[in-house]
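Count along the sequence shown from 1, then add 3; that gives the number in this note's numbering.
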Amino acid sequence: MKTKQKRSKKSPDSIIRKHLKHALVPHKGNQYRPHLVRLHGITAVLVLAVFMQLGYGILTSGRLEVLGRVSDISASDLVADTNVEREKASLPDLKVNDQLTSAAFAKAKDMFANNYWAHVSPSGVTPWKWIGDAGYNYNVAGENLAKNYPTAQATLNAWMGSTTHRENILNAKYQDVGFAVVDGLLDGRNTTLVVAYYGAPATAAAVQGTTDTKIPVVYAAPVENGIGNPLTYFGIALQSMSPATLGALALLAIVAAVAVAAHHYRKKLPVAWRRTWRLHHGMYTFVGALLLAVVVVFATGGGQI
Numbered sequence: 004m005k006t007k008q009k010r011s012k013k014s015p016d017s018i019i020r021k022h023l024k025h026a027l028v029p030h031k032g033n034q035y036r037p038h039l040v041r042l043h044g045i046t047a048v049l050v051l052a053v054f055m056q057l058g059y060g061i062l063t064s065g066r067l068e069v070l071g072r073v074s075d076i077s078a079s080d081l082v083a084d085t086n087v088e089r090e091k092a093s094l095p096d097l098k099v100n101d102q103l104t105s106a107a108f109a110k111a112k113d114m115f116a117n118n119y120w121a122h123v124s125p126s127g128v129t130p131w132k133w134i135g136d137a138g139y140n141y142n143v144a145g146e147n148l149a150k151n152y153p154t155a156q157a158t159l160n161a162w163m164g165s166t167t168h169r170e171n172i173l174n175a176k177y178q179d180v181g182f183a184v185v186d187g188l189l190d191g192r193n194t195t196l197v198v199a200y201y202g203a204p205a206t207a208a209a210v211q212g213t214t215d216t217k218i219p220v221v222y223a224a225p226v227e228n229g230i231g232n233p234l235t236y237f238g239i240a241l242q243s244m245s246p247a248t249l250g251a252l253a254l255l256a257i258v259a260a261v262a263v264a265a266h267h268y269r270k271k272l273p274v275a276w277r278r279t280w281r282l283h284h285g286m287y288t289f290v291g292a293l294l295l296a297v298v299v300v301f302a303t304g305g306g307q308i
């Protein structure tokens, strides 16, 4: 007499664990080739990363932007972080000056209105014009610019990583500071600009903009496309990543880790694979994921000084 055994149903957890094992762990069941580092797995990761970026761009800017970003910077944080750096160098704190603040806002609005990103406008207007217009009579002054950093701390870190910008922050002659954080469109893209004006009031006759030849010293850090030291830029770029970009980097890190594990089991691959370049497919995938992660960091770091 035949008896019919009832097949036990697998729990959802066991099914998930099985699929994860096939996707992430080299073993006999997947011929020591985890699905994540096969062509369809890598394709799925890349597609997911792109959709994450597009979704974040829509949520933060309302536009289909792969590099969508959002900034949360306040002038008060910029002042506090600036003075922290000055205190480390045994320098006195800078005081917020309303006239320098007004000048910084005027400069930011002019950059948006005339679509440029530089210390000197396309028509030749220098930073000192805005300080003079605001009525700040100075003996020495300086300007720092930044755009698209997510936080005040990331902005300060970028400036401190650049020799010329750091000299402005740590200039012992400065007494006052004014910051402007302004959002707008630059080159057709949503942009957050930060303008910093540093100064020391004139001790003699009033100074009017750039026309007065009595100005003894004037400092302006040049606008740079990046930081001189690639490692410094890499570290600062990580701070200006969107959550979507950080998620994409996390996915690439997982791919890289699985690829290393797959390479460890390369001698157990199918014979047909061991006789071709595919023997080292795990290492190739690891190197590819690492290079792509570096490209993502440099391409989407976002912030610029």
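Backbone N, C-alpha and C fix where the C-beta goes; we use that ideal spot for every residue, glycine too.
*Going along the chain, which unbroken runs of the alpha helix (DSSP H) with 4 or more residues stay wholly within the stretch 26-101?*
42-64, 78-91
*asked:* Less than 7 Å between the C-beta atoms of residue 195 and residue 40, yes or no?
replied: Indexing the sequence shown from 1 puts residue 195 at position 192. Indexing the sequence shown from 1 puts residue 40 at position 37. The answer is no: Cβ separation not under 7 Å.
*Which one or two residues does DSSP pair with residue 152 in a beta bridge?*
Translated into the one-based positions of the sequence shown, residue 152 becomes position 149. Paired residue(s): none; residue 152 is not in a bridge.
*In whole angstroms, what separates the C-alpha of residue 228 from that of residue 183?*
Counting from one through the sequence shown, the residue named residue 228 turns up at place 225. Counting from one through the sequence shown, the residue named residue 183 turns up at place 180. Because residue 228 sits at a pLDDT of 47, beneath the cut-off of 50, its placement in the model cannot be relied upon, and the point is left open.
*Whether residue 97 touches residue 181 by CB criterion (7 Å)*: In the sequence shown, the residue the question calls residue 97 occupies position 94. In the sequence shown, the residue the question calls residue 181 occupies position 178. No, these two residues do not count as a Cβ contact at 7 Å.
*Could you tell me if residue 198 is buried or exposed, where buried requires 16 or more neighbouring beta carbons within 10 angstroms of its beta carbon?*
What you label residue 198 is simply residue 195 of the sequence shown in a count that begins at 1. Buried: at least 16 other Cβ atoms inside 10 Å.
_Whole angstroms are fine: how far does the CA of residue 286 sit from the CA of residue 280?_
As a position in the sequence shown, residue 280 is number 277, starting the count at 1. As a position in the sequence shown, residue 286 is number 283, starting the count at 1. One Cα belongs to residue 280, the other to residue 286, and the distance between them is close to 11 Å.
*In its own chain, which residues sit with a C-beta less than 7 Å from the C-beta of residue 259, not counting the 5 before and 5 after it?*
Taking the first residue of the sequence shown as 1, we reach residue 259 at position 256. The answer, listed in chain order, is 289, 292, 293.
*Tell me whether residue 197 sits in a helix, a strand or coil according to DSSP, three-state version.*
Position 194 of the sequence shown holds residue 197. In this structure, residue 197 counts as strand in the three-state DSSP scheme.
*Integer-rounded CB distance, given that residue 201 should sit under 8 Å from residue 145*: The residue given as residue 145 occupies position 142 in the sequence shown. The residue given as residue 201 occupies position 198 in the sequence shown. Confirmed, Cβ separation roughly 4 Å.
*What residues in its chain sit with their C-beta under 7 Å from that of residue 38, if we drop five residues either side in the sequence?*
For this step, residue 38 is matched to residue 35 along the sequence shown. Only 25, 26, 44 meet the Cβ criterion.
*Collapsed DSSP secondary structure at residue 123 in the structure displayed*: On the sequence shown, residue 123 is found 120 positions in, with the first residue counted as 1. Note: residue 123 maps to coil in three-state DSSP.
_Relative to the C-alpha of residue 86, which candidate in 179, 271, 263 has its C-alpha closest?_
For the purposes of this step, residue 86 is taken as the residue at position 83 of the sequence shown. Closest by alpha carbon: 179.
*Under three-state DSSP, which class holds residue 141?*
If you number the sequence shown from 1, residue 141 lands on position 138. In this structure, residue 141 counts as strand in the three-state DSSP scheme.
*Between the stretch 159-174 and the stretch 123-135, are three or more C-beta pairs nearer than 8 Å?*
no
*Below 6 Å CB to CB, which residues in the same chain sit around residue 273 once its five sequence neighbours on both sides are set aside?*
Counted from its first residue, the sequence shown places residue 273 at position 270. The answer, listed in chain order, is 34.
*Reference residue 52; option with closest CA among 299, 42, 155*: In the sequence shown, counting from the first residue as 1, residue 52 sits at position 49. Residue 299 is the option with its Cα nearest to residue 52.
*Express the C-alpha separation of residue 191 and residue 112 in angstroms, rounding to a whole number.*
For the purposes of this step, residue 112 is taken as the residue at position 109 of the sequence shown. For the purposes of this step, residue 191 is taken as the residue at position 188 of the sequence shown. For the pair residue 112 and residue 191, the Cα-to-Cα distance works out to about 15 Å.
*asked:* Between which two residues does the alpha helix (DSSP H) holding residue 185 run?
replied: On the sequence shown, position 182 is the one that residue 185 refers to. Taken as a continuous stretch (DSSP letters only), residue 185 belongs to no alpha helix (DSSP H), being part of the beta strand (DSSP E) at 179-189.
_Option in 255, 261, 205 with minimal Cα separation from residue 140_ = Indexing the sequence shown from 1 puts residue 140 at position 137. For the residues 255, 261, 205, the minimum Cα distance to residue 140 belongs to 205.
*What three-state label does DSSP hand residue 160 in the structure shown?*
Taking the first residue of the sequence shown as 1, we reach residue 160 at position 157. Here residue 160 sits in helix by DSSP.
*With a 10 Å radius around its C-beta and 16 neighbouring C-beta atoms as the bar for buried, classify residue 254 as buried or exposed.*
As a working note, residue 254 is residue 251 in the sequence shown. Counting Cβ neighbours within 10 Å, residue 254 comes out buried, since at least 16 surround it.
*Three-state secondary structure (DSSP) of residue 256*: Residue 256 sits at position 253 when you count from the first residue of the sequence shown. Here residue 256 sits in helix by DSSP.
*What residue range is occupied by the uninterrupted alpha helix (DSSP H) comprising residue 274?*
Numbered from 1 along the sequence shown, position 271 holds the residue referred to as residue 274. Note, residue 274: alpha helix (DSSP H), 274-277.
*With distances taken Cα to Cα, identify the nearest neighbour of residue 109 among 251, 185, 50, 171.*
Along the sequence shown, one-based indexing puts residue 109 at 106. The option with the nearest alpha carbon to residue 109 is 185.
_For residue 206, the first and last residue of its enclosing alpha helix (DSSP H)_ = In the sequence shown, residue 206 corresponds to position 203, counting from 1. Element bounds for residue 206: n/a, residue is neither H nor E.
*DSSP three-state call for residue 174: helix, strand or coil?*
Translated into positions along the sequence shown, residue 174 becomes position 171. In the structure shown, residue 174 sits in coil (DSSP, three-state: anything other than H, G, I, E or B).
*Classify residue 306 as helix, strand or coil using the three-state DSSP reduction.*
Position 303 of the sequence shown, counted from the first residue, corresponds to residue 306. It is coil, neither helix nor strand.
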